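The next block holds one structure in the form of structure tokens; read it before the comments.
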Amino acid sequence: MHFKCISKPQEGPHSVQIWDKPRTLRFAIIAFPEQVYLTLKVVFLDEWFGASTSLGNTFKKAVVSQGIDIIDYSYWTIAHSYFASYQRSEDYALEDMKIAFQNNFFTSYLWNWVFWIPVEMVTYAFIPLPWQVPFFSIANIGFMLGLSWILNRFEDSTARQLEPIADREEQMNLEHEEVPEIQQLGGSKSGEPGPTAA
């Protein structure tokens with residue numbers, strides 16, 4: 000399981016609406032192999048570690064699950080960055096995908112070790128094997144939406160804090176531009192007379 004970082008659509012000629020149909024289809028296409036992988040992983044862990052619901056066994060399952068999920072992290076980050084990101088435009092280049100990968104991969108990897116190990120331990124201990132994959136999928140959707148909401152709120156708060164600073168800088172620039180015009184029309188600060196009519 001992993002944290003899928005969702006950011007807001009950016010303004011501009013190539014901005015994509017949040018419910019863009021082609022983008023939704025791309026999401027479905029890249030999510031299908033992930034569900035197959037998740038099913039195979041759950042079956043493998045059950046076969047390898049057995050069905051014991053002891054604390055030690057569920058912890059080992061969760062740790063190994065996160066260890067092998069580096070494959071899933073890499074796949075999703077690359078696929079999401081290139082095929083389904085909000086920021087993708089007509090001139091989307093390989094360098095843009097590298098930047099998106101660097102920004103999202105390690106963040107998702109660290110957050111998932113914190114969140115998913117206890118969730119997986121509870122799942123392996125109390126959820127029957129046939130229901131584990133659906134439970135993981137539902138939990139992942141909730142986790143993704145929750146963190147996306149938190150991140151978007153943080154971005155909004157940061158933007159609101161920066162707006163007054165930007166406004167002050169813009170006002171200072173306008174004042175600097177107006178000073179020469181005032182001096183030219185009304186004279187200098189030393190009291191020298193301005194231009195007089197002939």
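Reminder that position 172 of the sequence shown reads as 171 in numbering that gives the first Met the number 0, one-by-one numbering, no gaps.
A virtual CB, placed ideally from N, CA and C, is assigned to each residue, including glycine.
Bear in mind that the values here come from a model prediction, so they are computed numbers and not experimental data.
Around the CB of residue 51, fewer than 16 other CB atoms lie within 10 Å, so the residue is classed as exposed.
Buried is the label assigned to residue 41, since at least 16 other Cβ atoms lie within 10 Å of its Cβ. Distance from the CA of residue 127 to the CA of residue 68, rounded to the nearest whole angstrom, comes to 21 Å. Within the same chain, and ignoring the five residues on either side of residue 131 in sequence, the residues whose Cβ sits closer than 8 Å to its Cβ are 41, 122, 123. Secondary structure at residue 126: coil, using DSSP grouped into helix, strand and coil. Relative to residue 109, the option among 72, 30, 136 whose CA is nearest is 72.
Sorting 33, 34, 56 by C-alpha distance to the C-alpha of residue 120 places 56 at the top. Listed in chain order, the alpha helix (DSSP H) elements of length 4 or more contained wholly in the stretch 39-81 are 54-67. Taking residue 53 as reference, the option from 138, 141, 125 with the minimal CA-CA separation is 125.
The alpha-carbon separation between residue 77 and residue 38 amounts to approximately 21 Å. Residue 65 places its beta carbon 8 Å or farther from that of residue 140. Going by beta carbons, residue 60 and residue 48 fall inside the 8 Å limit. If the five residues before and after residue 36 are omitted, its C-beta is found closer than 7 Å to the C-beta atoms of 71, all from its own chain and listed in chain order.
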